[in-house]
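Novice:
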Amino acid sequence: EVQLVESGGGLIQPGGSLRLSCAASGFTFSSYWMHWVRQAPGKGLVWVSRVNGDGSSTNYADSVKGRFTISRDNAKSTLYLQMNRLTAEDTAIYYCAREMSTTQCFDSWGQGTLVTVSS
Amino acid sequence: DIVTTQSPDSLAVSLGETATINCKSSQSVFYSSNNKNYLAWYQQKPRQPPKLLIYWASTRESGVPDRFSGSGSGTDFTLTINNLQAEDVAVYYCQQHYTTPPYTFGQGTRLEIK
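These protein sequence lines are chains G and P, in that order. Per our numbering, residue 234 is the first one in the first sequence, and the count goes up by one each step. Per our numbering, residue 1458 is the first one in the second sequence, and the count goes up by one each step.
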């Protein structure tokens, strides 16, 4: 069974940094593009970032480019999101998601981790 | 970037009836090379992550009841839920998977029981 478990969320002051983790199991982690998608309280889904299977290719939404860094450790089957210079607009539940091969849509999601940026 | 717009923003349907949700993309998401429309639908129940229901506009994900169906082509798509059940209360999102990144979602449609 595919499992994705996020951690690392919490309350952080504006301008601060946080690193999220997503532990994956039940599938060959290195074979899949992995993503972060976020959802502000009461709002819709917004794609944040993606990384390819070996970690050599990454992409970001314009809203986080230059502040967030996605990475992965295939030996640990873990996805990361380093978030710097956080603002209130970054407050959201952050989901990690697996991209279904050949389709560019998301077939597995974690339960999410809440990041709250507030003073 | 392709923009996807859903309608309505919310709807209420009686149990056993049919719910219809629309999604319009700002440009065609049809690939003529494989004859597929790159449009997906997700269901998000309260306090849960999204769940993939349909991709390529009409292909149901494994385990999704056949009460859920997707249709449409080019820029206009529909998610139809027949014989509405109480457990179908959720927010439904469409997502274009034609040109990525960015991966863009519709704003969501909230489905309630009348």
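For every residue, glycine included, the Cβ atom is placed at its ideal position computed from N, Cα and C.
Are the C-beta of residue 1445(P) and some C-beta of chain G separated by less than 8 angstroms?
Specialist: The first residue shown for chain P is 1458 and the last is 1571, placing residue 1445(P) beyond what the model contains.
Novice: For residue 192(G), name the three-state secondary structure that DSSP assigns.
Specialist: Given a span of 234 to 352 for chain G in the structure shown, any question on residue 192(G) remains unanswerable.
Novice: Looking only at its chain, what residues have a beta carbon closer than 7 angstroms to the beta carbon of residue 340(G), apart from the 5 residues adjacent to it on each side?
Specialist: By one-based count along the first sequence, residue 340(G) stands at place 107. Closer than 7 angstroms at the Cβ level, and outside the excluded window around residue 340(G), lie 331 and 333.
Novice: Find the nearest neighbour of residue 1569(P) within the set 1461(P), 1458(P) and 1476(P), judged by alpha-carbon distance.
Specialist: Residue 1569(P) sits at position 112 when you count from the first residue of the second sequence. Nearest C-alpha to residue 1569(P): 1476(P).
Novice: Am I right that residue 348(G) and residue 249(G) are in contact with their C-beta atoms under 8 angstroms? What's the rounded C-beta distance?
Specialist: In the first sequence, residue 348(G) corresponds to position 115, counting from 1. In the first sequence, residue 249(G) corresponds to position 16, counting from 1. The Cβ separation is near 10 angstroms, so there is no contact.
Novice: Against chain P, does residue 323(G) count as a neighbour if the rule is that its beta carbon must be under 8 angstroms from one of theirs?
Specialist: In the first sequence, the residue the question calls residue 323(G) occupies position 90. Not an interface residue.
Novice: Out of 297(G), 234(G) and 335(G), state which residue places its alpha-carbon closest to the alpha-carbon of residue 314(G).
Specialist: As a first step, residue 314(G) must be located in the first sequence, where it is residue number 81. Checking every option, the nearest Cα to that of residue 314(G) belongs to 297(G).
Novice: Mind listing the chain P neighbours of residue 280(G)? Cutoff is C-beta to C-beta under 8 angstroms, in chain order.
Specialist: If you number the first sequence from 1, residue 280(G) lands on position 47. Ordered by position in chain P, the residues that pass the 8 angstroms Cβ test against residue 280(G) are 1558, 1559, 1560, 1561 and 1562.
Novice: State the Cα-Cα distance for the pair residue 295(G) and residue 1487(P), rounded to the nearest angstrom.
Specialist: Numbered from its first residue, the first sequence carries residue 295(G) at position 62. Numbered from its first residue, the second sequence carries residue 1487(P) at position 30. Going from the Cα of residue 295(G) to the Cα of residue 1487(P) covers about 25 angstroms.
Novice: Do you know whose CA, among 276(G), 318(G), 308(G) and 253(G), lies nearest residue 268(G)'s CA?
Specialist: As a first step, residue 268(G) must be located in the first sequence, where it is residue number 35. Comparing Cα positions, the closest option is 253(G).
Novice: What does residue 344(G) touch in chain P if you count any residue whose Cβ is under 7 angstroms from its own?
Specialist: Within the first sequence, residue 344(G) is the residue found at index 111, counting from 1. Going along chain P in sequence order, the residues near residue 344(G) (Cβ under 7 angstroms) are 1506.
Novice: Keeping to the same chain, check which residues put their C-beta closer than 6 angstroms to that of residue 1555(P); ignore five residues upstream and five downstream.
Specialist: Locating residue 1555(P) in the second sequence gives position 98, counting from the first residue. Within the same chain, residue 1555(P) has close Cβ partners 1486 and 1495.
Novice: Count the other C-beta atoms from every protein chain shown that fall within 10 angstroms of the C-beta of residue 1482(P), then say buried if there are 16 or more, exposed otherwise.
Specialist: By one-based count along the second sequence, residue 1482(P) stands at place 25. Buried, because 16 or more other Cβ atoms sit within 10 Å of the Cβ of residue 1482(P).
Novice: Taking residue 292(G) as part of the beta strand (DSSP E), name the residues at either end of that continuous run.
Specialist: Counting from one through the first sequence, the residue named residue 292(G) turns up at place 59. 291-293 is the span of the beta strand (DSSP E), which, as asked, contains residue 292(G).
Novice: Measuring only between beta-carbons, confirm whether residue 328(G) sits less than 8 angstroms from chain P.
Specialist: Looking up residue 328(G) in the first sequence gives position 95. Yes, its Cβ sits closer than 8 angstroms to a Cβ of chain P.
Novice: Flag this pair as yes or no: are the beta carbons of residue 257(G) and residue 310(G) separated by less than 8 angstroms?
Specialist: In the first sequence, the residue the question calls residue 257(G) occupies position 24. In the first sequence, the residue the question calls residue 310(G) occupies position 77. Closer than 8 angstroms, so yes.
Novice: How many angstroms separate the CA atom of residue 1506(P) from the CA atom of residue 1523(P)?
Specialist: Position 49 of the second sequence, counted from the start, is the residue given in the question as residue 1506(P). Position 66 of the second sequence, counted from the start, is the residue given in the question as residue 1523(P). If I take the Cα positions, the gap works out to 21 angstroms.
Novice: Which full runs of the alpha helix (DSSP H) of 4+ residues lie inside the region 1490-1568 of chain P, going along the chain?
Specialist: Listed in chain order, nothing qualifies, since the region 1490-1568 of chain P has no complete alpha helix (DSSP H) run of 4 or more residues.
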